[in-house]
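Chains as they are written, first to last, in numbering that gives the first Met the number 0: chain A, 0 to 327; chain B, 0 to 327; chain C, 0 to 327; chain D, 0 to 327. All remarks here apply to the structure that follows.
Protein chains: 4
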Amino acid sequence: MSKAIKKIGVLTSGGDSPGMNAAIRSVVRTCAYHNIECVGIYRGYQGMIEGDFKEMGPRSVKNIVHLGGTILKSARSKDFMTAEGRKIAHEHLKNAGIDALVVIGGDGTFTGAEIFNNEFNYPVMGIPGTIDNDIFGTSHTLGYDTALNTVVECIDKIRDTANSHNRLFFVEVMGRDAGHIALNAGIGAGAEEILIPEEDLGLDRLLESLEKSKASGKLSSIVVVSEGDKIGKNVFELKEYVEENLPEYDVRVSVLGHMQRGGSPSCFDRVLASRLGVKAVESLLEGKSNYMVGLLQDKVALTPLEQAIKGSSKIDEELLRVSDIMTT
Amino acid sequence: MSKAIKKIGVLTSGGDSPGMNAAIRSVVRTCAYHNIECVGIYRGYQGMIEGDFKEMGPRSVKNIVHLGGTILKSARSKDFMTAEGRKIAHEHLKNAGIDALVVIGGDGTFTGAEIFNNEFNYPVMGIPGTIDNDIFGTSHTLGYDTALNTVVECIDKIRDTANSHNRLFFVEVMGRDAGHIALNAGIGAGAEEILIPEEDLGLDRLLESLEKSKASGKLSSIVVVSEGDKIGKNVFELKEYVEENLPEYDVRVSVLGHMQRGGSPSCFDRVLASRLGVKAVESLLEGKSNYMVGLLQDKVALTPLEQAIKGSSKIDEELLRVSDIMTT
Amino acid sequence: MSKAIKKIGVLTSGGDSPGMNAAIRSVVRTCAYHNIECVGIYRGYQGMIEGDFKEMGPRSVKNIVHLGGTILKSARSKDFMTAEGRKIAHEHLKNAGIDALVVIGGDGTFTGAEIFNNEFNYPVMGIPGTIDNDIFGTSHTLGYDTALNTVVECIDKIRDTANSHNRLFFVEVMGRDAGHIALNAGIGAGAEEILIPEEDLGLDRLLESLEKSKASGKLSSIVVVSEGDKIGKNVFELKEYVEENLPEYDVRVSVLGHMQRGGSPSCFDRVLASRLGVKAVESLLEGKSNYMVGLLQDKVALTPLEQAIKGSSKIDEELLRVSDIMTT
Amino acid sequence: MSKAIKKIGVLTSGGDSPGMNAAIRSVVRTCAYHNIECVGIYRGYQGMIEGDFKEMGPRSVKNIVHLGGTILKSARSKDFMTAEGRKIAHEHLKNAGIDALVVIGGDGTFTGAEIFNNEFNYPVMGIPGTIDNDIFGTSHTLGYDTALNTVVECIDKIRDTANSHNRLFFVEVMGRDAGHIALNAGIGAGAEEILIPEEDLGLDRLLESLEKSKASGKLSSIVVVSEGDKIGKNVFELKEYVEENLPEYDVRVSVLGHMQRGGSPSCFDRVLASRLGVKAVESLLEGKSNYMVGLLQDKVALTPLEQAIKGSSKIDEELLRVSDIMTT
């Protein structure tokens, strides 16, 4: 970084997640703390291309720490996937005097940032914001903890009715490529079985487990299913399959859907967002670039964007085992 | 009623709803207050047929006022639809010395109770427990208020992500025959449009409304759809229809499902349950039978079961108008 | 009303309550629906005196239906208690072309509105917004239902720890002059005893009740106490008194305080606010003035402001009885 | 450990915390998984002395993972502080064939366990359950995460009314010796200032901060105060002090109290409880004793009980700095 940073831009991109507003607030206030300017960029990279900017002082982020969603809006930008789009975006940043970027989002967001950095030697710093927790280089992404609480609260409600009627519920939760939500929320909600993308349990094992459960007198059950589970059937097909093979089960399906992305962030996500925002801005001011700030072993830590993109966030083997034991 | 009532049976039947436990507690404690015995009957009419009974003293219902579901379990009983099944049930009641019944449930539950009363001149009293609020003779059924809060909390979360992405969501809520949940939760959640069984809005009007909304700069929208809406398309078909006709809209679907039936009851439902339980038991003790206890104009009131079954709970025209005005 | 109303002002005054924002939104949108203008007045009557006004179109109230507090802020204005203050306020309204007022608040707010109406023959309409439910002419004030849910959720948490330790808790809830919150939330939370301003239970009865409770094996208890209870001791004094007289009880105190006033409104309060806002504006447009819009027997109804101020909202005797029976 | 463990006892002791039930469930099911017996001991060490035991199979802990409090009850036992008391307890364990203990609680609980282990060479394993997070050897105690969410939800509600009235609130949270709750919830809730036991901010700094805040146009504020803060004034005295020195502030106080200890555990606490329960039982089965199982750098880890008791859980300096920056 040859030149001192005097103005930082911040944007949210990709799927929104609870805690993004707390992160925006942290970036804005950390800029103010260091007497540099901050500019909010609307609708992610698309707003960068369209020059949709807004100066943000510390009061502009008052009373947003607890809000779900993102006040800067989010979008997926096809234009930013073109060299031309990025060139226009870069010019907008230059014209606005913005010296560096903090981007809040997931894999796709970081990929865009890294390309942008490579093309223009432009300082960028990433903050992982996605409920899926599928980012390498951080134990927790923003919104993940909140989503887990949303899911267990929903399943707690479903269990009320499952128990009253002795029913089996297949509950589909988010996580196309990663089973973190399903595994943790499944343990948290006391699920009978958990189906995730990382593990092919197999339909036989599922039936076996349900038969065992029934034999032991447990007549109502919750099976948590990750969107991207490897069993090769979606929740509606699973329902049919079980009804055919275990007709004594009264089966229902619930797809939790997009509500998992919303809601007021948990305290954990608000504090994490505050910490990551400080680190992102201060790392840029120290001349660092092209990193993601994350949480590793309870400490804020930097991971090169390239690694964050290429690496994958593994399921904890210990948790798989805990999950098995809990359904004894 | 020739004979004094010394023991009352209580059961829950049909779909469960929040507040059923508070009603059971109220029935049990009102019996204790009047120094008569109370017996819990498990799994609705099926448990009556199977003699699945349990004596319940005032301490047996400690710490259940706030629990969703029903500790007595619920079921739909095919056997009770037969004269033979009901005869067996009646004998079980006689043998157990149970002199009268309080049944908590919906239309189907009341129909069973009325037939039973007619066949055996057996004292019965109904308490309306269903989230759909589709019972004539009460402004509120047990669980309805709780379900409304569950739905608006879910839609509040969905709106976070809808706003962040400028998306249109079709949110399906419960209510096969009645639009009370959709209409009230739709107003409460600030929905752009509400589709209910009682009103055929028509697809044209929906498109028109969405076009107007878009023209006015409102780029994200929530449309609340009752299960039994009259528009002739389910939420997934609605999504396709809108995407074809208004391709600028980014449409998503969320089916809230069974979680609407669970959860800790609202204060309103707990108080209502307590009031209805007292009235049900005391009405039986006064020699009344074959009524439903409900809430009419804020007062606890009796409606003959026959009317409760045949009548229908109308949508409030004023609310339809309020809903229109709110989307101005 | 000789002159047609073309512009309506809306303000919130006195203690805030959940649902005020939903009422503001309803007033603004009903104005838009009828093609008249709407002006928000900040900080209640104080903002009227200071001319702190803001034009409000239908989009200005987007996404506020679910927010606690009031976006127009609230205040108690000493200046408005003077004839001079009110004269200045009236001139500001005239200069701004505001033809009529909707005021959202409690007793004090309505008193101010009535005087203002009398002095200047100025059209006013009141909407009852206070958590205490202490207004004559409406079965429910805005925010009351939400506050009840907040209170029972808090007591549910307190009961967890009360039960784990066999402790007695005195929980103080809001309600200086009215015991509605204490009585309903007490029933809803399964309280052992409820102390309210309307009823002097007496310390002897309290001790007796606790002794009976203990004898029956109920070792943990919740006593809900209204701020303005008539027993002559606050919760801390009650704790001391019980510890002296029943030393076997391990007593704790919890004063729920101002959190009862905040939080996202319940569905009931949002719908009620929407209905009352429509009725307030349309009543003004019909030439009516000096009324409060409220809910009576489930219908929106008008009560002369004078009666709303002078009348009192009575405690339901049936509920007192239900409360007794529930603690059997 | 000369002898194979065939039966494990589990108890909860000291202040209860959300997640204790999930931990009990995990201990019981892990025992079942390894085909050993499990015995629940009621009311902590007191129940050990009184032989208040109950056999617990895997079904006995069904549907408790989401419940606050502890189904085994908790207590502080004076008798267990005597050698005689512990001797009786040891005999009860022997007679019941209980070979080892899992104790769930805080410092006091662990001290008792360590003494017991020393006196009788009896295998013990501790699980940290307390909302205060003041235990050395674990980054998170059971219930801490839940308490943080409870606190921020309460402050979110208080902020609604604080903002509506431009008021300053002192909010007292739990934490007699440790400021973890105050610091994290304060950051999470966007508090203006945070007073904790570990740091003597001084009254001058508080006034200065409030003056600065006021000058910057921020008219409503939340100050979070830990029970054991070092400033030498409780929240009521702080209110008086600020009112005297900054009379333009309208100050209110809220003491959150015991509700912080209750409530359904967060997903984090449920999963943590499940993990720690597995580790506690399996460590005993491996012949280990006198350790606490905790979470260190995201991994389940053992710390000798002696260290857990003597060590102290430090406030994170980085968080103090983040807190400062957030109030810019």
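Think of the CB as a built atom: it goes at the ideal place given N, C-alpha and C, for glycine as much as any other residue.
Residue burial classification, residue i (beta-carbon count within 10 angstroms, cutoff 16)
i                      : result
residue 203 of chain B : exposed
residue 341 of chain B : The structure shown does not extend to residue 341 of chain B, since chain B is modelled only from 0 to 327, so the question has no answer here.
residue 282 of chain D : buried
residue 259 of chain C : buried
residue 197 of chain B : buried
residue 302 of chain D : buried
residue 329 of chain B : The shown model of chain B, from 0 to 327, leaves out residue 329 of chain B, and the question about it has no answer.
residue 246 of chain A : exposed
residue 175 of chain A : exposed
residue 77 of chain D  : exposed
Below-7 Å beta-carbon distance, residue i vs any chain D residue
i                      : result
residue 157 of chain C : yes
residue 47 of chain C  : no
residue 190 of chain C : no
Pairwise C-alpha distance: residue j and residue i
i                      : j                      : result
residue 205 of chain D : residue 193 of chain D : 9 Å
residue 64 of chain D  : residue 20 of chain D  : 6 Å
residue 45 of chain B  : residue 73 of chain C  : 57 Å
residue 319 of chain D : residue 185 of chain D : 11 Å
residue 224 of chain B : residue 273 of chain D : 39 Å
residue 58 of chain A  : residue 68 of chain D  : 41 Å
residue 308 of chain B : residue 70 of chain B  : 26 Å
residue 61 of chain B  : residue 99 of chain B  : 23 Å
residue 144 of chain B : residue 288 of chain B : 27 Å
residue 369 of chain D : residue 47 of chain D  : Given a span of 0 to 327 for chain D in the structure shown, any question on residue 369 of chain D remains unanswerable.
Proximity test, Cβ basis, 7 Å: residue i and chain B
i                      : result
residue 330 of chain C : One cannot answer for residue 330 of chain C here, as it falls past the ends of chain C, which runs 0 to 327.
residue 147 of chain C : yes
residue 78 of chain A  : no
residue 266 of chain C : yes
residue 129 of chain A : no
residue 13 of chain C  : no
Cβ of residue i within 7 Å of any chain C Cβ
i                      : result
residue 220 of chain D : no
residue 0 of chain B   : Annotation note: pLDDT 44 at residue 0 of chain B (below 50); position unreliable, coordinate value reported separately. No, its Cβ sits nowhere closer than 7 Å to a Cβ of chain C.
residue 174 of chain D : no
residue 269 of chain B : yes
residue 229 of chain D : no
Integer-rounded CB distance, given that residue j should sit under 8 Å from residue i
i                      : j                      : result
residue 183 of chain A : residue 270 of chain D : 5 Å
residue 75 of chain D  : residue 118 of chain D : The pair is not a contact, with the Cβ atoms about 19 Å apart (cut-off 8 Å).
residue 43 of chain C  : residue 16 of chain C  : Incorrect: roughly 13 Å between the Cβ atoms, too far for contact.
Residue interval of the alpha helix (DSSP H) (run including residue i)
i                      : result
residue 114 of chain C : 106 to 119
residue 135 of chain B : Looking at the DSSP string, residue 135 of chain B is not in any alpha helix (DSSP H), and its letter there is neither H nor E.
residue 19 of chain A  : 19 to 32
residue 267 of chain C : 266 to 284
residue 44 of chain D  : 43 to 49
residue 8 of chain C   : Here residue 8 of chain C belongs to no alpha helix (DSSP H); instead the beta strand (DSSP E) covers 6 to 11.
residue 207 of chain B : 202 to 214
Neighbour flag for residue i against chain A, beta carbons, 7 Å
i                      : result
residue 28 of chain B  : no
residue 183 of chain D : yes
Limits of the beta strand (DSSP E) - the one that residue i falls within
i                      : result
residue 223 of chain A : 220 to 225
residue 39 of chain C  : 36 to 40
residue 294 of chain D : 290 to 295
Residue i: CB within 6 Å of a non-hydrogen atom of the ligand HEM
i                     : result
residue 54 of chain A : This structure lacks the ligand HEM; in fact it carries no ligand of any kind.
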